[in-house]
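Have a look at the structure below, then the notes.
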Amino acid sequence: MMEFYLPIAELPVNIWLIVGMSAVVGFISGMFGVGGGFLITPLLIFLGIPPAVAVASVSTQIAASSLTALISYWKRRALDIKLGLVLLSGSSIGTVIGVATFNALRRVGQLDLTIGLSYIILLGGIGLLMLYESLKALRARRGGRTATQPRGGNHPWYFGLPFRMRFAASGLYVSVIPLLVMALVVGFFGALLGIGGGFMIVPALIYLFRVPTMVVVGTSMFQILFSMSGATLLHATTNHSVDFVLAGLLIVGGVFGAQFGARAGRHLKGEQFRLLLALIVLAVAMRFLGELALKPEDVFSLSVSTSPVPMTAGAAQ
Amino acid sequence: MKRTGPLLAMLAVLVFCMGQARAENLIISLSSSQVAITSTYIGTDLVIFGVIGRDQASATRSEHYDIVVSARGPRSHMVVREKAPFGPFWVNQREQKFTFVPATMAVASNRPLDDITSPEMQSRYQLGLDSAMLTADRRDERFVKALIRLKQHDRLYASLPHNVEFITPNVFKAVIPVPARAPTGLYDVEVALLSGSVRLTSQSTHFEVIKTGFEQDVAEAARLHGWLYGFAALLMAGLFGWLATIVFRRD
């Protein structure tokens, strides 16, 4: 037992619990090249850490773990910086809209519902899509054929929209409009849900834009590093909600977990990789579905009132 | 009898009060006026010692003395929401706002409050956990109960019917817990002396919960130097992120 009082979250936590938790999540995130925010943020909130502090401190941690990953992808030249920059500009706009929506929903009291539904729709949709695709690929491989890579000839219609741009590292010649729209949506939900959005961008790049799996993770890490660094600064200057100690504990667990995860991931075949990620994503979606659909243990919930309360006589005694 | 008993006793107190000095007086002392939050803080206990003073005017009482100690933390507005089925999902629907809700509350007494005095008198004397719940809307007891239950679940509210101990018939000791999640700020402590289900007198004092040392430095840096703090956090992130690639380079 080793308790440490978090200066910003204002409660004592067990150091080993936080480090261990972030190591496990770091392992998963290193393996799949997703930030892991969609796993660790709900866990921290469950431990009683105020959601604002959890979201802000996790963004610092994701910045650290994505830098680690990015360095190794950089050394293998497994990233597309140009594509990353386009995605970054789209997601920045989405982030701003997402933060505004977050605050508006919190005032109305429907934040839990929106977050729950968003997780279910996003994770459920992406998870099912990936599950279907990877099972098909696995079956094709077992049948003796090589998995059919959907490349070449027939491009989807949105590739041909105006402002086409060539992305050499990805072997892509595509309109920037669908890329920006996709990144904007990811940025919006990322800010709304307090996550990096890697679990959305990785499948979107693979399935919608047919970017080679080799480049996808590095590029996603590039985008995540910059958007999470921005988020850290934004949270630190506006809400003062970045907990240095909590972020430090998460980083220590996360970066080392991610290293082992990345090594484990190297031995995974493409289809297995996608099948596993699909199952993890679906499991989280199911958890949120259960939370919304089952009768809660306590139908009442308590939060600090953010809207002004009419004063009552004698209330100030 | 049940009704006239308290009434008579109250009348008696009134008569004494009008007559001259107060019949009984309370002298209380808090073990510490400051709770310092350090890195190893996981909550603490404060001890209150009290002496019940009597003078010639004090009536000879047939009943024992009762002591109720209420400690209340800094106040803020809270909202309680109730989920109800909406289609397939459980959705927040009704809500009630409460004004100036103490962040923490501990009510310690020498025996259960309901044995000390009636529920009506408890609310008149502001004793008990639900006494501080003020709402601008029409008060709905279900929401009041929910608020207290949720606060108790988070260990911020506590009803402690055996935390006051009489050392002699006139000297008592009360233990007041300060929870791990107690916010910083000023805390009010009110000690009420009752006898025969009537309040004779009360005394109040304060203590302060503050962050010290490292905890204080970090909290102040975050509040006063947001940009610097943010960049420091990023620097830490960068350093660890880069270190990890060095440590793991050999394979």
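These protein sequence lines are chains A and B, in that order. Just so we're aligned: the first sequence equals residues 73 to 389 in our numbering. Just so we're aligned: the second sequence equals residues 326 to 576 in our numbering. For glycine and all other residues, C-beta sits at the position ideal for the given N, C-alpha and C. Please read these numbers as outputs of a predicted model, since none were measured by experiment.
- Taking 8 Å as the cut-off, the beta carbon of serine 131 of chain A is found no closer than this to the beta carbon of glycine 98 of chain A.
- Within chain B, no C-beta atom comes nearer than 7 Å to that of glycine 259 of chain A; the closest sits roughly 19 Å away.
- Using a Cβ-Cβ distance cut-off of 8 Å, the region 146-154 of chain A and the region 310-324 of chain A are not in contact, since fewer than three pairs of beta carbons, one from each stretch, lie closer than that value.
- Between isoleucine 153 of chain A and phenylalanine 294 of chain A, the CB-CB gap stays under 8 Å.
- The Cβ atoms of methionine 202 of chain A and leucine 349 of chain A lie closer than 8 Å to each other.
- The beta carbon of alanine 365 of chain A sits closer than 8 Å to some beta carbon of chain B.
- Under the DSSP assignment, glutamate 533 of chain B falls in the beta strand (DSSP E) whose first and last residues are 523-536.
- For glutamine 359 of chain B, DSSP records a beta bridge to B/Glu533.
- In the structure shown, leucine 553 of chain B adopts helical secondary structure according to DSSP, grouped into three states.
- Per DSSP, glycine 268 of chain A is not a residue of any beta strand (DSSP E), being assigned neither H nor E.
- Chain-order list of chain B residues neighbouring threonine 186 of chain A: empty, with the shortest C-beta distance near 10 Å, by a criterion of under 7 Å.
- For lysine 154 of chain A, the uninterrupted alpha helix (DSSP H) run begins and ends at 153-180, by DSSP.
- When the alpha-carbon of glutamate 363 of chain A is set against those of A/Gly337, A/Leu189, A/Gly259 and A/Leu251, the nearest one is in A/Leu189.
- Residue contact with chain A for valine 376 of chain B: absent (no Cβ-Cβ distance below 8 Å to any residue of chain A).
- Pairing valine 543 of chain B with proline 123 of chain A gives a Cβ-Cβ distance that is not under 8 Å.
- Sorting A/Thr310, A/Asn311 and A/Gly302 by C-alpha distance to the C-alpha of leucine 560 of chain B places A/Gly302 at the top.
- A residue is called buried when at least 16 other Cβ atoms come within 10 angstroms of its Cβ; threonine 365 of chain B does not meet this threshold and is exposed.
- With a threshold of 8 Å between beta carbons, valine 404 of chain B makes contact with chain A.
- Under the three-state reduction of DSSP, methionine 458 of chain B is assigned to coil, being neither helix nor strand.
- Going by DSSP, aspartate 370 of chain A is part of no beta strand (DSSP E) at all; its letter is neither H nor E.
- Taking a cut-off of 8 Å for Cβ pairs, the region 394-401 of chain B and the region 425-432 of chain B touch, as three or more such pairs fall below it.
- The region 439-458 of chain B makes no contact with the region 493-501 of chain B; the number of CB pairs closer than 8 Å stays below 3.
- With a threshold of 16 other beta carbon atoms within 10 Å, leucine 265 of chain A meets it and is buried.
- Listed in chain order, the alpha helix (DSSP H) elements of length 4 or more contained wholly in the region 283-361 of chain A are 285-310 and 316-338.
- It is roughly 20 Å from the alpha-carbon of leucine 371 of chain B to the alpha-carbon of threonine 493 of chain B.
- Annotation for leucine 277 of chain A: Val283 and Val288 place their beta carbon closer than 6 Å to its own, counting only its chain and skipping 5 residues before and after.
- Contiguous beta strand (DSSP E) elements confined to the region 417-484 of chain B occur at 430-434, taking only those with 3 or more residues.
- At a C-beta separation below 7 Å, histidine 312 of chain A has these neighbours in chain B: Ala547, Arg548 and Gly551.
- Put simply, of B/Ser527, B/Asn495, B/Ala505 and B/Ala348 the residue whose alpha carbon is nearest the alpha carbon of aspartate 479 of chain B is B/Ala505.
- Taking all protein chains shown into account, histidine 312 of chain A has 16 or more neighbouring C-beta atoms within 10 Å of its C-beta and is therefore buried.
- Here the alpha carbon of valine 356 of chain A sits roughly 22 Å from the alpha carbon of alanine 336 of chain A.
- Restricting attention to B/Val496, B/Pro486, B/Ala557 and B/Phe556, the CA atom closest to the CA of leucine 351 of chain B is found in B/Val496.
- Between isoleucine 362 of chain B and valine 534 of chain B, the C-beta gap is smaller than 8 Å, which places the two residues in contact.
- Annotation for arginine 149 of chain A: no alpha helix (DSSP H) segment contains it, and DSSP assigns it neither H nor E.
- DSSP, reduced to helix, strand and coil, places isoleucine 143 of chain A within a helical segment of the structure shown.
- For threonine 493 of chain B, the uninterrupted beta strand (DSSP E) run begins and ends at 489-493, by DSSP.
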